[in-house]
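Engineer: Quick one: the structure is below, and I'll ask about it shortly.
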Amino acid sequence: MRKYLLKRIFYLFLTLFIVATVTFFLMKLMPGTPLQNEAKLTPSEKAAILAQYGLDKPVWLQYFIYIGGIFKGSLGLSFQFSDQAVSYIIGSRMGPSMQLGGQALIVGIIFGIILGAIGAIRKDTWADRLATVLSILGIAVPSFVLAILLQYYLGLKTGWFPVAGWSGFAYTILPTLALAASPLAETARFIRTDMVDVLSSDYIELAKAKGLSKFGIVYHHALRNSLIPMVTLIGPLAAALMTGSMVVENIFSVPGIGEQFVKSILVNDYPTIMGVTIFYSALLCLLLLLTDIVYGIIDPRIRLSGNGD
Amino acid sequence: MNFKTVAKVTVVAGASVLFLAACGSNKSTSSSAKNTANWTESAELPTMDISKSTDVVSSNALNNTNEGLYRLGKNGKVTPGIAKSTTVSKDGKTYTFTLRKNAKWSNGDKVTAKDFVYGWQRTVNPKTASQYAYLYSGIKNADDIANGKKPVSSLGIKADGDYKLTVTLDKPIAYFDKLMGFINFFPQNEKVVKKYGSKYGTTSAAMVYNGPYKMTGWTGTNLSWTLKKNNDYWDKKNVKMSAINYQVVKDASTGLNLFNSNKIDFTTLSNEQVKNYKNDKNYLVRKTASTFYVELNRNDSDKTLAKAFKNQKIREALSLAINRKSYVNNTLGNGSTVSKGYVSEDLAKNPTTGKDFTSDAYVASAVEYDQAKAKKLFKEGMKEIGETKLNIKLLSDDTDGAKKSTEYIQGAWEKLPGLTVTNQNVPFKTRLSRSQAGNFDTVISAWNADFTDPISFLSLFTSDNSYNNGKYNSAAYDSAVKKAEGADANNETARWADMVAAEKQLMNDQGVIPIYQQATATLTRNNVKGIIYNTAGSNYNLKYMSVK
Numbered sequence: 001m002r003k004y005l006l007k008r009i010f011y012l013f014l015t016l017f018i019v020a021t022v023t024f025f026l027m028k029l030m031p032g033t034p035l036q037n038e039a040k041l042t043p044s045e046k047a048a049i050l051a052q053y054g055l056d057k058p059v060w061l062q063y064f065i066y067i068g069g070i071f072k073g074s075l076g077l078s079f080q081f082s083d084q085a086v087s088y089i090i091g092s093r094m095g096p097s098m099q100l101g102g103q104a105l106i107v108g109i110i111f112g113i114i115l116g117a118i119g120a121i122r123k124d125t126w127a128d129r130l131a132t133v134l135s136i137l138g139i140a141v142p143s144f145v146l147a148i149l150l151q152y153y154l155g156l157k158t159g160w161f162p163v164a165g166w167s168g169f170a171y172t173i174l175p176t177l178a179l180a181a182s183p184l185a186e187t188a189r190f191i192r193t194d195m196v197d198v199l200s201s202d203y204i205e206l207a208k209a210k211g212l213s214k215f216g217i218v219y220h221h222a223l224r225n226s227l228i229p230m231v232t233l234i235g236p237l238a239a240a241l242m243t244g245s246m247v248v249e250n251i252f253s254v255p256g257i258g259e260q261f262v263k264s265i266l267v268n269d270y271p272t273i274m275g276v277t278i279f280y281s282a283l284l285c286l287l288l289l290l291t292d293i294v295y296g297i298i299d300p301r302i303r304l305s306g307n308g309d
Numbered sequence: 310m311n312f313k314t315v316a317k318v319t320v321v322a323g324a325s326v327l328f329l330a331a332c333g334s335n336k337s338t339s340s341s342a343k344n345t346a347n348w349t350e351s352a353e354l355p356t357m358d359i360s361k362s363t364d365v366v367s368s369n370a371l372n373n374t375n376e377g378l379y380r381l382g383k384n385g386k387v388t389p390g391i392a393k394s395t396t397v398s399k400d401g402k403t404y405t406f407t408l409r410k411n412a413k414w415s416n417g418d419k420v421t422a423k424d425f426v427y428g429w430q431r432t433v434n435p436k437t438a439s440q441y442a443y444l445y446s447g448i449k450n451a452d453d454i455a456n457g458k459k460p461v462s463s464l465g466i467k468a469d470g471d472y473k474l475t476v477t478l479d480k481p482i483a484y485f486d487k488l489m490g491f492i493n494f495f496p497q498n499e500k501v502v503k504k505y506g507s508k509y510g511t512t513s514a515a516m517v518y519n520g521p522y523k524m525t526g527w528t529g530t531n532l533s534w535t536l537k538k539n540n541d542y543w544d545k546k547n548v549k550m551s552a553i554n555y556q557v558v559k560d561a562s563t564g565l566n567l568f569n570s571n572k573i574d575f576t577t578l579s580n581e582q583v584k585n586y587k588n589d590k591n592y593l594v595r596k597t598a599s600t601f602y603v604e605l606n607r608n609d610s611d612k613t614l615a616k617a618f619k620n621q622k623i624r625e626a627l628s629l630a631i632n633r634k635s636y637v638n639n640t641l642g643n644g645s646t647v648s649k650g651y652v653s654e655d656l657a658k659n660p661t662t663g664k665d666f667t668s669d670a671y672v673a674s675a676v677e678y679d680q681a682k683a684k685k686l687f688k689e690g691m692k693e694i695g696e697t698k699l700n701i702k703l704l705s706d707d708t709d710g711a712k713k714s715t716e717y718i719q720g721a722w723e724k725l726p727g728l729t730v731t732n733q734n735v736p737f738k739t740r741l742s743r744s745q746a747g748n749f750d751t752v753i754s755a756w757n758a759d760f761t762d763p764i765s766f767l768s769l770f771t772s773d774n775s776y777n778n779g780k781y782n783s784a785a786y787d788s789a790v791k792k793a794e795g796a797d798a799n800n801e802t803a804r805w806a807d808m809v810a811a812e813k814q815l816m817n818d819q820g821v822i823p824i825y826q827q828a829t830a831t832l833t834r835n836n837v838k839g840i841i842y843n844t845a846g847s848n849y850n851l852k853y854m855s856v857k
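From first to last, the protein sequence lines are chains P and D. So that you can map any letter, position 220 of the first sequence is 220 in our numbering, and since no number is skipped, the others follow by simple counting. For our numbering, count along the second sequence from 1 and bump the result up by 309.
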């Protein structure tokens, strides 16, 4: 187990190192500098501005400084916000994205399990078909379409929820719903397929024969066994949600990291683009690692190391 | 507990969460309180450091939270600011400002002449890395300091005691008083700048204010902040608003939904939205001193094209072929107007007659649409240069709006016999660097005036200006601009005549092809009064704003 972990952590760092290197050199290939008014600046002004961002040094040196900085938690200065560290931008923008992602994940998984279970138990009835249609819709309708519809009908027309903004729990509801649709649908489909299998297995027949209640069977036997494979789904889902939805955050004016990422790309804020990319990669790698570890713990059939210890 | 119970519990729980949330959301509605308003910006606030501001959002925020010697009022006219009175020497090179004694910073410090000296020196100091220090050009030694040749202390600004400020210029600057209303010339509090160091101006707390409002709630990267009435402001009795809440809204339909649900009092409209709201009582178009024009590269590496662009008839044909009216109304549809020339409308008025600059310098043939004449001139021009076919590339940005523009112009130009046009839509920065390097055939450029004077436009096309990408070269134009900036700087009428002559020369030569003047279509709640809009520099002055 320990050996396995060390190996995985080594690969994690290797991946991040490659990501950082590739992004760094890709960004260097792009045009653009922090200079806003290039034609009007004197050479000494230009030099001062470039020096402030460390761009006066040769590229290979910039690269080593950048990689060295990452170990110290520094990701450079933003071009867009003057004198603002990229790490501060990421730090201050992460909260709302994490919150929305977390809420969407919880809502999506809980309701997805319920929807999936209904489908499986009432297989081939109208309830099953409805659940299937709902989950197909959840996958097919892009989150931004849902976001616009939610904002228009539940925000503007009925006035039940705030249209956009970020000042309290009420403001999180519509973006959470918009984000929850896709994990909900995926969970529902996953649970339904898995539970249909489980429900037709021998030990369920035995439980039925013992005279257990229908809920007892579903809850204690069928659902628990179906949940184990869910873990593999949650890791990537969590990563996708927590890194912030660029479009949903934009529509609801949420000060999240996804929204900032889009803006950074639009204004050629390379240090922020690099920083956020590395941060996203780190988060994804970490969540995948966690998934594998958790999976090994809850399902004894999976062995994390090959040597059988 | 059976399955039905679970379903019921879920539905009830879900419904109650929705209900509770709905109750919570009705707390804030806009305009309910008489002296507050909810405003929007369409981009983040990148800085509150006067020396570092380069964008419109920070310029607006700084203009309303700080104040310079003057404050820009209606039609770009200056109104009193920190300066109580001003005397100008006969040669127009020395300005002496007497400052009011009751001006204070929001931390209680007095606003003194030293704050101006410090702020100006900080901006021109190359070490500060300000991107707008070039606006100081003309103030004694400013250029040499920017080039690192002279020490910062040699800048032509001196404090004589706390309330007397003397500014020395290299040469008279006709629009100097207007510049004093621009944020780049505002004072800075040395104590506060030193206290926060590199954090100065990166949050609303790491800053100090001497204007009508002070800012709260800006963390440096968030999307909302508030302008609160500044009780230390010298003229606070004329400030009626107690708070203006800002929110960044980037999505146009979100802005419209917020406006329609009364959560905000101001939003900008997208082109599609304008169609439905043109007759709304809150519809308001804000003109900007910004002209979009096509530059033709006279130094094109393609020798045939360079020759073509040096031909007057071909240049005129390319201009006459564009139906600007149809383009502005049908393709843009955002309140933008057909350019009456290169200098924008509503920027400056004739000092004697009060007529707009664009009327005085109007050259109809340079901005007209006449396809038949265009075809005729094009044929003649092609004959003169001995060609039958031309292949032009048209460079522009890669935004949706820019793509529509290039498609429109491409369509219009290709009606000319023997002309094919290829569009090149590239990212903004690529377009700029290619323009400056002269690596283009034709390019759609835009210029925003830095200050409310035609020279802010006209200085661009002198033969040695770094923004003259198409290498327009006219001795008459150069000398007219030079006179306006030099010999006639102290003579208002002569200077006006020089600038009119320059514009007419540029238009008669068809040195550039003006297309349209940009405007911003907005919904602005019609009970909000007293906002002063400016076409150049900071967009608006909220000092006298009120809600009826």
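Quick reminder that beta carbons are idealized off the backbone N, C-alpha and C, glycines included. Because the structure is a prediction, the values reported are computed rather than measured.
Which residues of chain D have a Cβ atom closer than 8 angstroms to the Cβ of residue 148 of chain P, listed in chain order?
Structural biologist: Residues of chain D passing the Cβ test: 562.
Engineer: Using 8 angstroms as the threshold, is the C-beta distance between residue 595 of chain D and residue 831 of chain D below it?
Structural biologist: Yes. Within cutoff.
Engineer: Closest to residue 235 of chain P by C-alpha separation, out of P:248, P:216, P:251, P:285, would be which residue?
Structural biologist: The candidate whose alpha carbon is nearest that of residue 235 of chain P is P:285.
Engineer: May I ask you to report which of helix, strand or coil DSSP gives residue 542 of chain D?
Structural biologist: DSSP places residue 542 of chain D in coil when its eight states are reduced to three.
Engineer: Which ranges would you report for the alpha helix (DSSP H) in the region 157–218 of chain P if only whole runs of at least 4 residues count?
Structural biologist: Counting whole runs of 4 or more residues, the region 157–218 of chain P contains the alpha helix (DSSP H) stretches 170–199, 202–210.
Engineer: Using only the alpha-carbon positions, how far apart do residue 810 of chain D and residue 258 of chain P sit?
Structural biologist: Rounded to the nearest angstrom, the two C-alpha atoms are 52 angstroms apart.
Engineer: DSSP state of residue 554 of chain D, grouped into three classes?
Structural biologist: Strand, per DSSP.
Engineer: Between the region 377–390 of chain D and the region 603–617 of chain D, do at least 3 Cβ pairs fall closer than 8 angstroms?
Structural biologist: Because the criterion of three Cβ pairs below 8 angstroms is not met, the region 377–390 of chain D and the region 603–617 of chain D do not touch.
Engineer: For residue 480 of chain D, go through chain P and note every residue whose CB falls closer than 7 angstroms to its CB, in chain order.
Structural biologist: Correct list: empty, because the minimum Cβ distance to chain P is about 18 angstroms.
Engineer: Check this for me: beta carbons of residue 44 of chain P and residue 455 of chain D, under 8 angstroms apart or not?
Structural biologist: In this structure, residue 455 of chain D lies closer than 8 angstroms to residue 44 of chain P by Cβ.
Engineer: Any beta-carbon of chain P closer than 8 angstroms to the one on residue 455 of chain D?
Structural biologist: By this cut-off, residue 455 of chain D is an interface position.
Engineer: Counting Cβ pairs closer than 8 angstroms, one from the region 93–103 of chain P and one from the region 239–247 of chain P, do we hit at least three?
Structural biologist: In short, these stretches touch, since the Cβ pair count reaches three.
Engineer: Quick check on residue 335 of chain D: does DSSP put it in helix, strand or coil?
Structural biologist: Residue placement at residue 335 of chain D is flagged as unreliable, the pLDDT there being 41, under the threshold of 50; the coordinate-derived value follows with that caveat. Here residue 335 of chain D sits in coil by DSSP.
Engineer: As a quick exercise: from D:591, D:706, D:653, pick the residue whose alpha carbon is nearest that of residue 571 of chain D.
Structural biologist: Looking at the Cα atoms, D:591 is the closest of the given residues.
Engineer: Where DSSP assigns a beta bridge to residue 701 of chain D, which residues make up the other side?
Structural biologist: Its beta-bridge partners are D:730.
Engineer: DSSP state of residue 464 of chain D, grouped into three classes?
Structural biologist: In this structure, residue 464 of chain D counts as coil in the three-state DSSP scheme.
Engineer: How would you call residue 154 of chain P, buried or exposed, if buried means at least 16 neighbouring beta carbons within 10 angstroms?
Structural biologist: Flag for residue 154 of chain P reads buried.
Engineer: Confirm, please, whether the CB-CB distance from residue 534 of chain D to residue 555 of chain D is below 8 angstroms.
Structural biologist: Yes; because the gap between Cβ atoms is below 8 angstroms, this pair is in contact.
Engineer: Going by CA-CA distance only, name the one from D:526, D:796, D:422, D:585 that's closest to residue 357 of chain D.
Structural biologist: The residue with the shortest Cα to Cα distance from residue 357 of chain D is D:526.
Engineer: Can you give the Cα-Cα distance for residue 431 of chain D and residue 843 of chain D, rounded to whole angstroms?
Structural biologist: So the two alpha carbons sit approximately 27 angstroms from each other.
Engineer: Can a CB atom of chain P be found closer than 8 angstroms to the CB of residue 641 of chain D?
Structural biologist: No, because no Cβ of chain P sits closer than 8 angstroms to the Cβ of residue 641 of chain D.
Engineer: Could you name the residues of the region 24–35 of chain P whose beta carbon sits closer than 9 angstroms to any beta carbon of chain D, in the order they occur along the chain?
Structural biologist: Those residues of the region 24–35 of chain P that come within reach of chain D (Cβ to Cβ, closer than 9 angstroms) are 30, 31, 32, 33, 34, 35.
Engineer: Quick one: what does DSSP say residue 349 of chain D is sitting in, helix, strand or coil?
Structural biologist: Strand at residue 349 of chain D.
Engineer: Rounding to the nearest angstrom, what Cα-Cα distance links residue 653 of chain D and residue 647 of chain D in this structure?
Structural biologist: Computed Cα separation, rounded: 10 angstroms.
Engineer: Can you tell me the Cα-Cα spacing of residue 544 of chain D and residue 405 of chain D, whole angstroms?
Structural biologist: Spanning the two alpha carbons is a distance of roughly 22 angstroms.
Engineer: Is the shortest distance between the beta-carbon of residue 598 of chain D and the beta-carbons of chain P less than 8 angstroms?
Structural biologist: Cβ-Cβ to chain P under 8 angstroms: no for residue 598 of chain D.
Engineer: Consider the Cβ of residue 225 of chain P: report whether some Cβ of chain D lies at a distance smaller than 8 angstroms.
Structural biologist: No, because no Cβ of chain D sits closer than 8 angstroms to the Cβ of residue 225 of chain P.
Engineer: So who's on the other strand from residue 85 of chain P, going by DSSP bridges?
Structural biologist: According to DSSP, which records beta bridges pairwise, residue 85 of chain P is partnered with P:77.
Engineer: Identify the continuous beta strand (DSSP E) that holds residue 491 of chain D and give its terminal residues.
Structural biologist: Here residue 491 of chain D belongs to no beta strand (DSSP E), and DSSP marks it neither H nor E.
Engineer: Alpha carbon to alpha carbon, how far is residue 62 of chain P from residue 277 of chain P? Give it in angstroms, no decimals.
Structural biologist: Roughly 18 angstroms between the two C-alpha positions.
Engineer: So is residue 531 of chain D in contact with chain P if we call contact Cβ pairs under 8 angstroms?
Structural biologist: It does: the Cβ of residue 531 of chain D has a partner Cβ on chain P nearer than 8 angstroms.
Engineer: Does residue 756 of chain D come within less than 8 angstroms of chain P when only Cβ atoms are used?
Structural biologist: So no, residue 756 of chain D is outside the interface.
Engineer: Between residue 253 of chain P and chain D, is the shortest Cβ-Cβ distance under 8 angstroms, so that the two count as touching?
Structural biologist: Cβ-Cβ to chain D under 8 angstroms: yes for residue 253 of chain P.
Engineer: Does any C-beta atom of chain D lie closer than 8 angstroms to the C-beta of residue 83 of chain P?
Structural biologist: It does: the Cβ of residue 83 of chain P has a partner Cβ on chain D nearer than 8 angstroms.
Engineer: Which same chain residues end up closer than 7 angstroms to residue 442 of chain D when comparing Cβ atoms and leaving out the 5 residues on each side of it in sequence?
Structural biologist: Around residue 442 of chain D: 432, 433, 455.
Engineer: Note down, in chain order, every chain P residue with its Cβ under 8 angstroms from the Cβ of residue 566 of chain D.
Structural biologist: What residue 566 of chain D touches in chain P: 151, 152, 155, 156, 163, 164.
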